[in-house]
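Positions in the sequence shown are counted from 1; adding 573 to them yields the numbering used here.
From the three backbone atoms N, C-alpha and C, an ideal C-beta is built for every residue, glycine too.
Below: one structure, written as structure tokens.
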Amino acid sequence: MLRSRLYWKLFLAVFGLVASASAITAALGYRWRDQPDMGGQLTVLVIGLLLVAAAITYLIVRSLVVPLLTLRRAAQAITDGDYEHRVPVRSSDELGSLARSLNQVSQDLGQQLTELRNSDERQAAVLGGMVEGVVAVDDNHCVLFANAAAGKLFGFLPPSVVGRRLLEVIRDHTLDAAVAEVLNTRQSQAIELEWNVDTPRILAVQVTPLPSAVDIGAVIVLHDNSELRRLETIRQEFIANVSHELKTPLSSIMAYTETLQRGALDDPEHREQFLNRIAEQGERLNNLIQDMLSLARIETAQQQFEIVTVELADVVRRCIDDYSRQAAAKSVALQPVDGFPSAKVRADEEGLRVICNNLIDNAVKYTPDGGRVDVEWRSINGHVRIEVADTGPGIPRSEVARVFERFYRVDKARSRELGSTGLGLSIVKHLVQSFGGTAGVESQLGQGSRFWVELPAA
Ligand code: ADP
């Protein structure tokens, strides 16, 4: 205690005052008793002593007050959130050690705050970057937080929904009920939500209670399962379609075989006919399986295409040759409109042949006797556009967009009769896309169709 400088400073201050007071008292006493005529000199002495005492006291007090004021300013800076503020440490007394402690507190607080901010920013970045929507609510179902993905799913701006009730933000009673249940039981819940506002969506929702140490509330995590469901539906439809397509020719083969077994084998007139039907249906089955395999290979990118520069005129010439007999049999004029002008495209040669074959095959197949099929091609904006136009039945406007789908047929009975599989145009579309091109059709019901394909020019 005695070694304490502050103690000494205070001691000196008091001592100064006491000493001054004693000096004044002594001087006055001296004047009254022995030297009544020295009044003037004594007055000067007393004033001088008082001034010296005041100066000493002032210096001592200043040395105490100034550091205290500095410390008060530093404390205020910390209160205001300025953790960079430092107090100069000029002494090793209590004030100096207080200044050091204050500096340490300020530094520690600053560090903790930076860590908290970093961790907050990291959390915000993680939540903001999540594909899943995340919404946190308190025990009154008021939104505490919502991330960007949740905003995108339900069409709101995340900061604008904080503080609003969940049911106002996401108008779904099932979700609100699930949150109530989780808040009551403190057990997680998984539900599925069908959201039919704007784009219909199927959402897998997980509601989890917030750890009670943090807050009372719940976190809702929403995962958009729409695409998964769509693919599932396509897969189921595909399986149903394939089974149906395979069942028809198989049933025919089984029925003819059974008839033959039951005695038709000995009937030379019908025997031939039934065997022909079995062969026909067998071929249909084979075509169907071949088409499905090619489509599967193209779709799963298993087929390795050799994209090279191909002379389109050569490929079309061969296709026209292949189908000329079939066209002639129906008196259908199959011809190139402007001869065989040279046009080079970037494609796989075999794939390009399949594209042309499918388009010409359909045109000849669906065009009635005496009709016409025109094939032409020309360069447009770095692409070569190939068109196959026919004078066939045309396609109803409502179905035009669907003819490139797998197994889609406009006139189902007629297409089957013609031995078609419903996969030809689907194969065309996938091949064209694999070569970086596009395909489409323009059609007038009763007047004909114009199928077109655009491929990158070489
Ligand atoms: P398909 O093997 O049945 O011909 P596609 O995928 O090639 O299968 O064609 C799908 C459907 O599009 C056909 O069933 C038919 O209804 C219609 N279609 C295709 N080409 C033509 C055409 N040139 N004229 C009229 N309809 C056509």
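Item: Going by beta carbon distance, what residues of the same chain come within less than 7 Å of residue 825, once the five residues before and after it are set aside?; Value: 850, 854
Item: Between the Cα of residue 1015 and the Cα atoms of 618, 915, 1000, 960, which residue gives the shortest distance?; Value: 960
Item: Using 10 angstroms around the beta-carbon of residue 857, count the other beta-carbons present and answer buried if the total reaches 16, otherwise exposed.; Value: buried
Item: If you measure from the CB of residue 871, is any heavy atom of the ligand ADP nearer than 8 Å?; Value: no
Item: What are the uninterrupted segments assigned as alpha helix (DSSP H) that are 4 or more residues long and contained completely in the segment 841-919, given in chain order?; Value: 841-872, 885-902
Item: To which residues does DSSP link residue 650 through a beta bridge?; Value: Bridge partners of residue 650: none, in fact.
Item: Go ahead and pull the three-state DSSP assignment for residue 937.; Value: helix
Item: Are there three or more Cβ pairs, one per stretch, closer than 8 Å when the segment 789-807 is compared with the segment 689-709?; Value: yes
Item: In the structure shown, what three-state DSSP assignment does residue 574 receive?; Value: Below a pLDDT of 50, predicted positions are generally treated as unreliable, and residue 574, at 41, falls in that range; the measurement from the model is reported next regardless. In the structure shown, residue 574 sits in coil (DSSP, three-state: anything other than H, G, I, E or B).
Item: Tell me the DSSP secondary structure of residue 767 in three-state form.; Value: strand
Item: Contact defined as beta carbons within less than 8 Å: I believe residue 884 pairs with residue 958. What is the distance between those atoms, to the nearest angstrom?; Value: Not quite, the Cβ-Cβ distance comes to about 16 Å (not below 8 Å), so this is no contact.
Item: Run the proximity test for residue 938: is its beta-carbon closer than 8 Å to any non-hydrogen atom belonging to the ligand ADP?; Value: yes
Item: Return the first residue and the last residue of the alpha helix (DSSP H) that residue 822 is part of.; Value: 799-834
Item: Tell me the DSSP secondary structure of residue 998 in three-state form.; Value: helix
Item: Compare the Cα-Cα distances from residue 1018 to each of 971, 943, 993, 764 and report the closest residue.; Value: 971
Item: Could you check which residue in 732, 984, 1003, 766 has the C-alpha nearest to that of residue 967?; Value: 984
Item: What three-state label does DSSP hand residue 775 in the structure shown?; Value: strand
Item: Whole angstroms are fine: how far does the CA of residue 848 sit from the CA of residue 831?; Value: 12 Å
Item: Could you tell me whether the Cβ atoms of residue 644 and residue 660 are closer together than 9 Å?; Value: yes
Item: Have a look at residue 720 and residue 729 and give me their C-alpha separation to the nearest angstrom.; Value: 10 Å
Item: Leaving aside the five residues before and after residue 705 along the sequence, list all residues of the same chain whose C-beta is less than 7 Å from its C-beta, in chain order.; Value: 722, 794, 795, 796
Item: Determine the burial state of residue 695: buried for a count of at least 16 other Cβ atoms within 10 Å of its Cβ, exposed for fewer.; Value: exposed
Item: What's the C-alpha gap between residue 874 and residue 996?; Value: 17 Å
Item: Between which two residues does the beta strand (DSSP E) carrying residue 1029 extend?; Value: 1021-1029
Item: Within a Cβ cutoff of 6 Å, which residues of the same chain sit near residue 778, ignoring the five residues on either side of it in sequence?; Value: 764, 766, 795
Item: Is residue 1009 helix, strand or coil when you go by DSSP?; Value: coil
Item: Hey, is residue 983 close to the ligand ADP, as in C-beta under 8 Å from one of its heavy atoms?; Value: yes
Item: Return yes when at least one heavy atom of the ligand ADP lies under 8 Å from the C-beta of residue 976, else no.; Value: yes
Item: Where does residue 964 sit, in a helix, a strand or coil, going by DSSP?; Value: coil
Item: Is residue 814 near the ligand ADP, with its Cβ less than 8 Å from a heavy atom?; Value: no
Item: Measuring alpha carbon to alpha carbon, tell me which of 630, 969, 598, 619 ends up nearest residue 590.; Value: 630
Item: Let me check you understand the geometry: is the CB of residue 821 closer than 8 Å to at least one non-hydrogen atom of the ligand ADP?; Value: no
Item: What do you reckon, is the C-beta of residue 729 under 8 Å from a heavy atom of the ligand ADP?; Value: no
Item: Excluding five sequence neighbours on each side, which residues of the same chain lie with their C-beta closer than 7 Å to the C-beta of residue 928?; Value: 1001, 1004, 1005, 1026
Item: Excluding sequence positions up to five away, which residues of its chain have a Cβ less than 6 Å from the Cβ of residue 822?; Value: 854, 857, 858
Item: Any heavy atom of the ligand ADP inside 8 Å of the beta-carbon of residue 994?; Value: yes
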